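Take the sequence shown: its letters are residues 532 to 912, numbered as in the numbering used here.
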Amino acid sequence: MKIATVEGFHLAAPLRRPEGNALGFRSTREALLLRLTTDSGVSGWGEAGPAPHGTSAYLNQVIAPALIGRDAQAIGPIWHDLMKRRGYDRQGVAVMAISAVDVALHDLVAQARGLSVAEMLGGALRTTHFAYASGPYLVQGEDPYAGFLDEIQGFIDAGFRAIKPRVGGANRATVQFVQDLRRHLGDGIALMIDLNGGYAPPDAEALLADLADVRLIWAEEPVALDDLSGNARVARTASTPIATGESLSTVQAFRALMEQTGVSIIQPDLTVCGGYTGMQHVVGLARAYNVPVIPHVWGSLVGFRAALQMIAVLPDYPNRRAETYPWVELDCAQNPFMALQGTVSPDVHGHIGLPDGKGLGLEFLVPEHLSPWLAKSWRVC
Numbered sequence: 532m533k534i535a536t537v538e539g540f541h542l543a544a545p546l547r548r549p550e551g552n553a554l555g556f557r558s559t560r561e562a563l564l565l566r567l568t569t570d571s572g573v574s575g576w577g578e579a580g581p582a583p584h585g586t587s588a589y590l591n592q593v594i595a596p597a598l599i600g601r602d603a604q605a606i607g608p609i610w611h612d613l614m615k616r617r618g619y620d621r622q623g624v625a626v627m628a629i630s631a632v633d634v635a636l637h638d639l640v641a642q643a644r645g646l647s648v649a650e651m652l653g654g655a656l657r658t659t660h661f662a663y664a665s666g667p668y669l670v671q672g673e674d675p676y677a678g679f680l681d682e683i684q685g686f687i688d689a690g691f692r693a694i695k696p697r698v699g700g701a702n703r704a705t706v707q708f709v710q711d712l713r714r715h716l717g718d719g720i721a722l723m724i725d726l727n728g729g730y731a732p733p734d735a736e737a738l739l740a741d742l743a744d745v746r747l748i749w750a751e752e753p754v755a756l757d758d759l760s761g762n763a764r765v766a767r768t769a770s771t772p773i774a775t776g777e778s779l780s781t782v783q784a785f786r787a788l789m790e791q792t793g794v795s796i797i798q799p800d801l802t803v804c805g806g807y808t809g810m811q812h813v814v815g816l817a818r819a820y821n822v823p824v825i826p827h828v829w830g831s832l833v834g835f836r837a838a839l840q841m842i843a844v845l846p847d848y849p850n851r852r853a854e855t856y857p858w859v860e861l862d863c864a865q866n867p868f869m870a871l872q873g874t875v876s877p878d879v880h881g882h883i884g885l886p887d888g889k890g891l892g893l894e895f896l897v898p899e900h901l902s903p904w905l906a907k908s909w910r911v912c
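Below, the structure written as structure tokens:
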């Protein structure tokens with residue numbers, strides 16, 4: 532079963548209105564999907580992390596030619612070979628590209644074997660995941676939280692029992708919003724906040740001190756991820772658990788994060804940290820440090836379905852709520868790439884089930900489904 536064709540699809544969709552976080556605003560949503568097809572006609576889908584322009588070029592010009600003719604079942608040897616080809620790009624674009632390849636290979640091989648990816652990884656520990664709504668995002672204007680309470684009520688009405696809004700801007704306004712939100716939600720809904728690494732350590736410390744009585748499940752990326760001393764400072768002083776790690780690419784980077792910061796939760800992203808192969812290295816390391824893993828999920832339906840399969844094989848971690856970790860993040864922003872097979876939403880208990888089907892459960896997906904948002908595509912054979 533040799534790899535015969537490698538295809539890349541750069542998707543772009545204008546947003547109805549700009550949406551933002553503590554770092555800034557965007558007006559376009561993008562994604563990069565990869566499809567591998569073998570000489571026997573079996574195809575697998577993968578997704579690369581959120582840097583589509585550079586990652587697409589690297590996949591097209593460096594990785595794709597090296598894949599043609601390789602045995603698709605040799606997932607491990609291919610992963611190690613591609614990691615050795617990174618050169619000076621030890622983190623970032625190169626590993627995002629490798630992530631897409633690794634996910635696509637798992638999808639492809641699992642289908643050929645008549646298995647789901649979770650089954651191929653050893654078997655699912657659970658068939659449903661407790662889901663949290665990732666959003667809302669900041670709005671432009673005098674009040675960055677305008678309309679948030681109504682939007683969050685919509686999430687709750689849709690079945691979510693955990694919410695993670697973006698926060699940013701002046702601490703006073705953020706404290707008031709989060710306190711108002713906690714009163715609105717009551718104690719039955721789990722609440723987290725995402726700071727997107729947009730705060731300096733003293734400002735993050737002050738904000739979390741003011742929110743100490745809000746009963747946050749975690750505060751995500753209070754400071755820049757590569758500021759290890761800043762993360763250590765905030766993790767040491769905050770009573771709220773600190774979660775971070777979504778943009779780290781290697782197990783070595785996660786080792787430094789866990790050894791030097793004392794954060795409570797790590798959040799590797801399957802499309803950034805080397806796909807299933809890289810993620811399993813990170814999960815094993817986290818087990819050694821007894822740190823819960825709650826993967827970051829942000830992209831298209833391909834990345835989401837891939838994450839569901841990975842989360843299904845992660846061990847349980849207790850927390851202050853009845854719903855044990857790991858939870859699954861469902862992006863509730865403007866994202867047409869999540870609607871490739873209808874709307875994704877939780878059940879009445881706030882859970883999302885594993886999809887039916889083999890591989891990632893994406894047998895329905897063909898390139899023609901992507902045409903409304905296709906900015907650029909390429910094919911190597």
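No residue lacks a Cβ here, since even glycine has one placed at the ideal position from N, Cα and C. All values derive from a computational prediction rather than experimental measurement.
Have a look at the DSSP bridge pairing and note the partners of residue i.
i           : result
residue 537 : 567, 911
residue 861 : 664
residue 552 : 555
residue 694 : 664, 722
residue 751 : 725, 774
residue 659 : 884
residue 576 : 566
residue 797 : 775, 824
residue 602 : 533
residue 561 : 543
residue 871 : 873
residue 856 : 848
residue 902 : Partner(s): none; residue 902 has no beta bridge.
So which of the options has the shortest CA-CA distance to residue i?
i           : options            : result
residue 906 : 539, 535, 533, 532 : 539
residue 724 : 681, 752, 732      : 752
residue 737 : 748, 756, 764      : 764
residue 793 : 818, 766, 780      : 766
residue 743 : 755, 719, 773, 720 : 773
residue 551 : 788, 864, 687      : 864
residue 660 : 897, 900, 911, 878 : 878
residue 599 : 534, 874, 896      : 534
residue 586 : 716, 714, 841, 626 : 626
residue 881 : 819, 681, 777, 719 : 719
residue 951 : 900, 849, 589      : Any answer about residue 951 is impossible in this case: the structure gives the chain only from 532 up to 912.
residue 655 : 869, 896, 847, 853 : 847
residue 778 : 769, 755, 664      : 755
residue 593 : 613, 818, 748, 893 : 613
residue 690 : 663, 607, 710, 715 : 663
residue 571 : 897, 830, 639      : 639
residue 769 : 821, 757, 795      : 795
residue 713 : 819, 747, 842, 740 : 747
residue 850 : 821, 541, 812      : 821
residue 595 : 819, 536, 745, 812 : 536
residue 912 : 556, 569, 557, 547 : 569
residue 717 : 557, 845, 818, 745 : 745
residue 898 : 688, 818, 555, 565 : 565
Excluding the five sequence neighbours on either side, which residues of its own chain have a C-beta within less than 6 Å of the C-beta of residue i, listed in chain order?
i           : result
residue 683 : 694
residue 553 : 699, 726, 727, 729
residue 544 : 560, 867, 904
residue 808 : 610, 633
residue 814 : 824
residue 667 : 679, 682, 696
residue 761 : 732, 754
residue 708 : 676
residue 541 : 563, 583, 587, 906, 907
Contact check, residue i vs residue j under 8 Å by CB: the rounded distance?
i           : j           : result
residue 591 : residue 904 : The Cβ separation is near 19 Å, so there is no contact.
residue 573 : residue 642 : 6 Å
residue 885 : residue 832 : With 8 Å as the limit, residue 885 and residue 832 do not qualify as a contact, their Cβ atoms being about 14 Å apart.
residue 771 : residue 750 : 5 Å
residue 603 : residue 567 : 7 Å
residue 776 : residue 788 : 6 Å
residue 628 : residue 589 : 5 Å
residue 843 : residue 657 : 6 Å
residue 721 : residue 852 : 6 Å
Leaving out the 5 sequence neighbours to the left and right, which residues in its chain are closer than 8 Å to residue i when beta-carbon positions are compared?
i           : result
residue 786 : 816
residue 645 : 889
residue 601 : 533, 534, 609
residue 875 : 832, 835, 861, 869, 883
residue 810 : 799, 801, 804, 826, 841
Once you ignore the five residues that flank residue i on each side, which residues in its own chain have a CB closer than 7 Å to its CB?
i           : result
residue 784 : 622
residue 896 : 576, 871
residue 836 : 886, 891, 892, 893
Please confirm whether residue i has its beta-carbon closer than 8 Å to some beta-carbon of chain D.
i           : result
residue 756 : Looking for chain D here will not work: only one protein chain is present.
With a threshold of 7 Å (Cβ to nearest heavy atom), would residue i be considered close to the ligand MG?
i           : result
residue 694 : This structure does not include the ligand MG; it has no bound ligands of any sort.
Original post:
Do the stretch 694-714 and the stretch 673-681 touch if we need at least three Cβ pairs shorter than 8 Å?
Top reply: yes
**OP:** Say whether the stretch 574-582 touches the stretch 623-634, bearing in mind that this needs 3 or more beta-carbon pairs closer than 8 Å, one atom from each stretch.
**Re:** Yes, they touch.
Subject >> Contact the stretch 855-863 vs the stretch 618-625: 3+ CB pairs below 8 Å >> reply: no
Subject >> Three-pair Cβ contact test at 8 Å for the stretch 789-804 versus the stretch 821-830 >> reply: yes
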